[in-house]
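Take a look at the structure below.
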Amino acid sequence: MEIPTVTPKFLITSGVLIGGAACCAFGTLDYVPAGTTYIALCFVVRIFEGFGAASLMTASFTIIAATFPDSVATSFSLMETAFGLGLIVGPTIGGALYQVGGFVLPFVINGGFLLLGFIILVFLLPRTEGERQNGPRNFCSFLFDGGILSYTFSIITCLLFIGFNSATLEPHLRQFNLTPVVLGVIFVITGAIYAVTTPIWGKVCDVGGNPLFINLSGSTMVCVGLLFIGPVPFLPFEATLWTVIGSLVLIGFGLSAKLVSSFVGALKSTISRGFPDNLATYGMVSALFSTSCSIGAFVGPSIGGLLLDTTGYRMGTVVIFALEAAFLIILLVYLFMVALKKKDKEASEREALLPRTYARRTYSYSSV
């Protein structure tokens, strides 16, 4: 399956334009009469907004990888920090704008800033070096690899937990009778830790840290956090506010490690398999990252609401823990296979050198 080529600048500008226009349009739906027409228009506008967001995210990751090839992880982590900050301040600003101007104002303001960004990007965003490079872009051969599939599952589980927790954490916290302010602070803990720690993990990846081991560390932290945030029913104690907070902090560390190392690891793995070190490859990795994020963000709240209604928060965390533990096992198996493959390769290289070494020694003895 060959992938058609468009430039990153076209993708990012068109994505911002579509997203901004759709955001403004969604705000005006408040004036549409309730009923089938309103629901249909909501779906249509949100679908277009999704197209714009996907285009923007994919192009952004591609441009970062192409512009900063020697510090991809650090650059990517800084962008993820901005994403985390947006998650933190977005609800607060949106709530304030809603209080001032109702449903329309938050969407019109946000969409207006996106449209302003479109104008700035059109005139100021430079052409990415190597935009017209071509190379093999067979997506199937890129996707069906143990490393790529492991990183894909890692990204999906990250966003799946974020979506699950956003839909289910508030009912779990009601038992502590918290004020709205404290409740809001607890909700941003994971995002804040994520925003602060992504540059650290990015630097570790850039200075030579193995993305697989970093991913393994992050997954382990998430698993431990999931055990205690409920806690899971087989632990002999009840939830306390401090176990919930501590778990959210630990999960924030783990999520940042997993997401940063997944993008960097997928890029390095793809290039090491013979794909060209150019925009075509960066685009495929970026598209995979964006798609995986979207799958997790869609599935997380969906199963979160279902699990909360049918089993409750504690049993729901058992399901998410099982998924994370399954990924951890898959990653361990893949690491073991990589180690075996490396060992076999080194052994074959040594065997290939032995006959030539023996022949040179025989020749030297016969010459004497």
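Counted from 1, the sequence shown has number 452 at position 343 by this note's numbering; the numbering is strictly sequential.
Even for Gly, the Cβ is constructed at its ideal location relative to N, Cα and C.
For clarity, every value in this text was computed on a predicted model and none was experimentally measured.
Could you have a look at residue i and say whether DSSP puts it in helix, strand or coil?
| i | result |
| --- | --- |
| Arg382 | coil |
| Pro178 | coil |
| Leu143 | For clarity, residue 143 is Ala in the given sequence; the question names Leu instead. Note: Ala143 maps to coil in three-state DSSP. |
| Glu460 | helix |
| Ser431 | It is Ala, not Ser, that sits at residue 431 in the sequence shown. It is helical. |
| Val527 | With the chain represented from 110 up to 477, any question about residue 527 goes unanswered, as that position is not in the structure. |
| Ala276 | helix |
| Gly317 | coil |
| Pro245 | Its pLDDT being 49, under 50, Pro245 is placed unreliably in this model, and the value from its coordinates should be taken loosely. Pro245 falls in the coil class under three-state DSSP. |
| Leu287 | coil |
| Phe270 | helix |
| Pro308 | helix |
| Glu524 | Residue 524 is absent from the structure shown; the chain starts at 110 and stops at 477. |
| Val341 | coil |
| Arg155 | helix |
| Arg236 | coil |
On the DSSP letters alone, give me the boundaries of the alpha helix (DSSP H) that residue i sits inside.
| i | result |
| --- | --- |
| Gly547 | Outside the shown range of the chain, which is 110 to 477, sits residue 547, and nothing can be said about it. |
| Leu320 | Note that residue 320 corresponds to Pro in the displayed sequence, not to Leu. Where Pro320 is concerned, the enclosing alpha helix (DSSP H) stretches over Pro320 to Ile338. |
| Gly409 | Leu388 to Thr419 |
| Pro219 | Just to set this straight, residue 219 is Asn in the shown sequence, not Pro. Note, Asn219: alpha helix (DSSP H), Val213 to Leu233. |
| Thr122 | Pro117 to Thr137 |
| Phe248 | Phe248 to Leu252 |
Spatial neighbours of residue i within its chain, please: C-beta separation below 6 Å, excluding the five flanking residues on both sides.
| i | result |
| --- | --- |
| Phe430 | Leu335 |
| Phe177 | Ser184 |
| Met330 | Leu359, Phe362 and Gly363 |
| Leu449 | none |
| Val408 | Leu269 |
| Ala406 | Leu268 and Gly272 |
In chain order, what residues of the same chain have a beta carbon less than 8 Å from the beta carbon of residue i, not counting five sequence neighbours either side?
| i | result |
| --- | --- |
| Leu325 | Leu437, Leu440, Leu441 and Leu444 |
| Leu206 | Leu214, Pro215 and Ile218 |
| Asp139 | Gly211, Phe212 and Val213 |
| Ala396 | Thr167 |
What does the Cβ neighbour count give for residue i, buried or exposed, with the cut at 16 atoms within 10 Å?
| i | result |
| --- | --- |
| Pro77 | Only positions 110 to 477 of the chain appear in the structure, and residue 77 is not among them; the question remains open. |
| Asn274 | buried |
| Thr146 | exposed |
| Phe227 | buried |
| Cys95 | No information on residue 95 is available, as it lies outside the stretch 110 to 477 that the chain covers here. |
| Ala143 | exposed |
Who are the Cβ neighbours of residue i in its own chain at under 7 Å, not counting the five residues just before and after it?
| i | result |
| --- | --- |
| Val313 | Ile323 |
| Tyr472 | Because the pLDDT at Tyr472 is just 43, under 50, the model does not fix this residue reliably, and the point stays unresolved. |
| Ala131 | Val154, Phe157, Glu158 and Gly161 |
| Thr190 | Ala304, Thr307 and Pro308 |
| Ser401 | Thr261, Ile264 and Ile265 |
- Task: Could you say if the stretch 257-275 and the stretch 364-384 meet the contact criterion of at least three C-beta pairs nearer than 8 Å?
- Result: Yes, since at least three Cβ pairs between the stretch 257-275 and the stretch 364-384 fall closer than 8 Å, the two stretches touch.
- Item | contact_flag[the stretch 168-176, the stretch 379-392] where n(CB pairs < 8 Å) is 3 or more | yes
- Item | At least 3 beta-carbon pairs within less than 8 Å: the stretch 335-349 vs the stretch 291-299 | no
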